[in-house]
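Take the sequence shown: its position 89, counting from 1, is numbered 367 in my numbering, and each next residue is one higher.
Virtual Cβ for every residue (Gly too), placed ideally from N, Cα, C.
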Amino acid sequence: MSGQRTNDWRTLGGIEVPKIAGPDESGKPPYTRGIHDTMYRSRLWTMRQYAGFSSAEETNERFKLLLERGQKGLSVAFDLPTQLGLDADDEMSEGEVGKVGVSISCLDDMRILFSGIPLDKVSTSMTINAPAMVLLAMYVVVAEENGVTASQVRGTIQNDILKEYIARGTHIFPPEQSMRLITDIFDYCAQEIPLWNTISISGYHIREAGSTAVQEVAFTIANALAYVDAAIKTGLDIDTFGPRISFFFNCHNDFFEEASKFRAARKLWHDLITERYSPKNPKSAMLRFHTQVAGVSLTAQQPLNNIARVTIQALAAVCGGTQSLHTNSYDEALGLPTEESATVALRTQQIIAQESGAASVVDPLGGSHLVEMLTEEIYQQAKSKILEIESLGGAMKAIEAGFQQREIHESAWLHLNQVESGERKIVGLNHGVLEDEEMPPLLKPDPDLGIKQKEKLANLRNSRNESDVAKCLENIILAASGSQNLFPLVLDALRCDCTLGEIISAMKEEFGTWMAPSGF
Numbered sequence: 279m280s281g282q283r284t285n286d287w288r289t290l291g292g293i294e295v296p297k298i299a300g301p302d303e304s305g306k307p308p309y310t311r312g313i314h315d316t317m318y319r320s321r322l323w324t325m326r327q328y329a330g331f332s333s334a335e336e337t338n339e340r341f342k343l344l345l346e347r348g349q350k351g352l353s354v355a356f357d358l359p360t361q362l363g364l365d366a367d368d369e370m371s372e373g374e375v376g377k378v379g380v381s382i383s384c385l386d387d388m389r390i391l392f393s394g395i396p397l398d399k400v401s402t403s404m405t406i407n408a409p410a411m412v413l414l415a416m417y418v419v420v421a422e423e424n425g426v427t428a429s430q431v432r433g434t435i436q437n438d439i440l441k442e443y444i445a446r447g448t449h450i451f452p453p454e455q456s457m458r459l460i461t462d463i464f465d466y467c468a469q470e471i472p473l474w475n476t477i478s479i480s481g482y483h484i485r486e487a488g489s490t491a492v493q494e495v496a497f498t499i500a501n502a503l504a505y506v507d508a509a510i511k512t513g514l515d516i517d518t519f520g521p522r523i524s525f526f527f528n529c530h531n532d533f534f535e536e537a538s539k540f541r542a543a544r545k546l547w548h549d550l551i552t553e554r555y556s557p558k559n560p561k562s563a564m565l566r567f568h569t570q571v572a573g574v575s576l577t578a579q580q581p582l583n584n585i586a587r588v589t590i591q592a593l594a595a596v597c598g599g600t601q602s603l604h605t606n607s608y609d610e611a612l613g614l615p616t617e618e619s620a621t622v623a624l625r626t627q628q629i630i631a632q633e634s635g636a637a638s639v640v641d642p643l644g645g646s647h648l649v650e651m652l653t654e655e656i657y658q659q660a661k662s663k664i665l666e667i668e669s670l671g672g673a674m675k676a677i678e679a680g681f682q683q684r685e686i687h688e689s690a691w692l693h694l695n696q697v698e699s700g701e702r703k704i705v706g707l708n709h710g711v712l713e714d715e716e717m718p719p720l721l722k723p724d725p726d727l728g729i730k731q732k733e734k735l736a737n738l739r740n741s742r743n744e745s746d747v748a749k750c751l752e753n754i755i756l757a758a759s760g761s762q763n764l765f766p767l768v769l770d771a772l773r774c775d776c777t778l779g780e781i782i783s784a785m786k787e788e789f790g791t792w793m794a795p796s797g798f
């Protein structure tokens, strides 16, 4: 959280507001009421707007604009080729370069992306999974070139491959080899990048794919337990990596269910970690999470209505105790956010923080009969679902059998039927419909970016030492066949101007690739 606060803690009408309206249980296990005893009274959540626009240059401009307007953390959206470990000049990247995020193929792209941004002062989140090691290594090298040591950088890589098999699809390697990369990152960062959150276990995409709130919590925590088990099997102690585990949740339209979901998830994580691993550091059992409001809830019809949806969802996340928050722009069902819509999204968070009173009290909904009932119900149902997954052999085995995928498909199908029948009303879509409506102006990605990136990569390959490149890539292939930590070798490769695609291709030679089952 960021944003030091001073306040006399009174309502608009002058009534004094207590720190907590109920038992003083915040900041104490099992953290149902919040992980800090004063929560937003001391520091507001980090306002971290997700951004990635075509080129590194354009995205750098957007980052600087958002920081100027009060954002406290950066969050990088990468384009599809980058997410799949492909260079922009790969034939498989054709037509996708810069379309849904920023194109990063080489170290110079990362230099441009963070040019003029103080990496010792800004926390950066990167939504990257299969190639997470390479992108984090790029960030570290760029920071060091700017006089910031690896031990100073702060941020998060998503690095959550299991949910890619379940709900999103940007995996590259088979599960076992993917877990190897994740535990290598845990190990390296524990020693060299101690302030970095090495994984952000994501329920967001599980929810976007159509899961219920209970399924989101259950599948996310089941995945998290699989990562913990994998790390412990390599010899790591829970307290070595546990405090740097973070989570990433969705916040949908049902205000009370969503606020309760976050309270239940905190308690469930604490209880399971404590019972199974007996950590000595309390932070190992403390669920910290980032929230993004539900992109899937936004409508292309009457897009300004999305401002109301985003506000309700963001307020639920704040009332549920999130550590950082991204608010979607109202035009995201139509295209990439414009400068205007991104500013409205950021201002929504600032209004909640400064004008609503929601940040004045720890766990403001705690004690509500409805919220307490929903918290307990979500806790019990999610725990039961986790035990069911474990009866199948754990998250990995369940994924390989298509269990989570099948459950999500069924929930998504049910929701779609309810919308199409009119049983569930969506304003602008099947209720309050307008025949003629004007669309807002949309942001258009640079159509020539793919050509420019190809030229840039051609120049890079012509100017570097190919002998050094070949040696670095051979070292990665060799290490991938054994048990050596790959992170230092990736750093060496980047310093010799190897590209993202080349490093991932070297890993593919040993690891291979994998196609996840659909669940049917």
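(request) Count the other CB atoms, across all protein chains shown, that sit within 10 Å of the CB of arginine 288; report buried if there are 16 or more and exposed otherwise. (result) exposed
(request) From the DSSP output, read off the bridge partner residues of tyrosine 328. (result) Ser353
(request) Identify which residue in Gly481, Ala421, Ile406 has its Cα closest to the Cα of leucine 397. (result) Ala421
(request) Find the nearest neighbour of glutamate 810 within the set Glu668, Lys661, Leu751, Ile704, judged by alpha-carbon distance. (result) The chain is shown only over 279 to 798; residue 810 falls outside these bounds and no answer can be derived.
(request) Could you say which of Phe540, Leu322, Pro521 lies nearest to asparagine 528 if we only look at CA atoms? (result) Phe540
(message) Please classify threonine 461 as buried or exposed, where buried requires at least 16 neighbouring CB atoms within 10 angstroms.
(response) buried
(request) Specify, as a first and last residue, the run of the alpha helix (DSSP H) that phenylalanine 765 falls within. (result) 765-773
(request) Going by CA-CA distance only, name the one from Thr616, Ala736, Gly672, Asp368 that's closest to phenylalanine 331. (result) Thr616
(message) Looking at the secondary structure, which residues open and close the beta strand (DSSP E) in which isoleucine 499 lies?
(response) Here isoleucine 499 belongs to no beta strand (DSSP E); instead the alpha helix (DSSP H) covers 491-511.
(request) State buried or exposed for proline 718, treating a residue as buried only when at least 16 other CB atoms are found within 10 Å of its CB. (result) exposed
(message) Quick check on DSSP: helix, strand or coil for glutamine 579?
(response) coil
(message) Does methionine 416 come out as helix, strand or coil in the three-state DSSP assignment?
(response) helix
(message) Quick check: valine 705 and asparagine 531, are their CB atoms within less than 8 Å of each other?
(response) no
(request) Identify, in the order they occur along the chain, each residue of the same chain with its Cβ nearer than 7 Å to the Cβ of asparagine 763, setting aside the five sequence neighbours on each side. (result) Asp462, Asp465, Tyr466
(message) Taking the beta carbon of threonine 761 as the centre, do at least 16 other beta carbons fall within 10 Å, making it buried, or is it exposed?
(response) What sits at residue 761 in the sequence shown is serine, not threonine. Serine 761 comes out exposed.
(request) Would you mind sorting lysine 441 into buried or exposed? The rule is 16 or more other CB atoms within 10 Å of its CB. (result) buried
(message) Tell me which residue opens and which closes the alpha helix (DSSP H) that histidine 647 is part of.
(response) 647-669
(request) Leaving out five residues on either side along the sequence, give the residues of the same chain with a beta carbon under 7 Å from the beta carbon of threonine 337. (result) Ala329, Gly330, Phe331, Val380, Leu391
(message) For lysine 545, count the other beta carbons within 10 Å of its own beta carbon; 16 or more makes it buried, fewer makes it exposed. Which is it?
(response) buried
(message) Let me confirm a value: glutamine 469 is counted as buried when at least 16 other C-beta atoms fall within 10 Å, else exposed. Which label applies?
(response) exposed
(message) Quick check on this structure: which residue in Gly613, Phe765, Leu670 has the alpha carbon closest to the alpha carbon of valine 378?
(response) Gly613
(request) Could you pull out every residue in the same chain whose Cβ sits closer than 6 Å to the Cβ of asparagine 753, ignoring the five residues on either side in sequence? (result) Leu767
(message) I'd like to know whether the C-beta atoms of isoleucine 450 and alanine 508 end up nearer to each other than 8 Å.
(response) no
(request) For leucine 414, collect the residues of the same chain with a Cβ closer than 6 Å to its Cβ; drop the 5 residues on either side in sequence, then sort them by chain order. (result) Ile435
(request) Would you tell me roughly how many angstroms separate the C-alpha atoms of glycine 790 and alanine 757, rounded to the nearest one? (result) 14 Å
(request) Have a look at the DSSP bridge pairing and note the partners of methionine 404. (result) Val354, Ile435
(request) Please look up how many angstroms separate the CB atoms of tyrosine 555 and proline 581, rounded, as I've assumed it's under 8 Å. (result) That belief does not hold up - the Cβ atoms of tyrosine 555 and proline 581 are roughly 46 Å apart, past 8 Å.
(message) Looking at aspartate 641: is its Cβ nearer than 8 Å to the Cβ of glycine 433?
(response) no
(message) The beta strand (DSSP E) that contains serine 478, what's its start and end?
(response) 477-480
(message) For the region 592-607 against the region 695-715, do three or more pairs of beta-carbon atoms, one drawn from each stretch, fall closer than 8 Å, so that the two count as touching?
(response) no
(request) To the nearest angstrom, report how far apart valine 400 and valine 622 are at their CA atoms. (result) 22 Å
(request) Mind reading off the beta-carbon distance from leucine 727 to glycine 376? Whole number of angstroms is fine, and I expect it under 8 Å. (result) 4 Å
(message) Please classify isoleucine 293 as buried or exposed, where buried requires at least 16 neighbouring CB atoms within 10 angstroms.
(response) exposed
(request) Less than 8 Å between the CB atoms is what I'm expecting for phenylalanine 341 and isoleucine 395, so what's the real figure, rounded? (result) 6 Å
(message) Quick check on methionine 279: buried or exposed, where buried means 16 or more other Cβ atoms within 10 Å of its Cβ?
(response) Reliability of the predicted coordinates at methionine 279 is poor, the pLDDT of 45 falling under 50, and no value is obtained from them.
(request) Going by CA-CA distance only, name the one from Thr605, Ala586, Ala784 that's closest to valine 571. (result) Thr605
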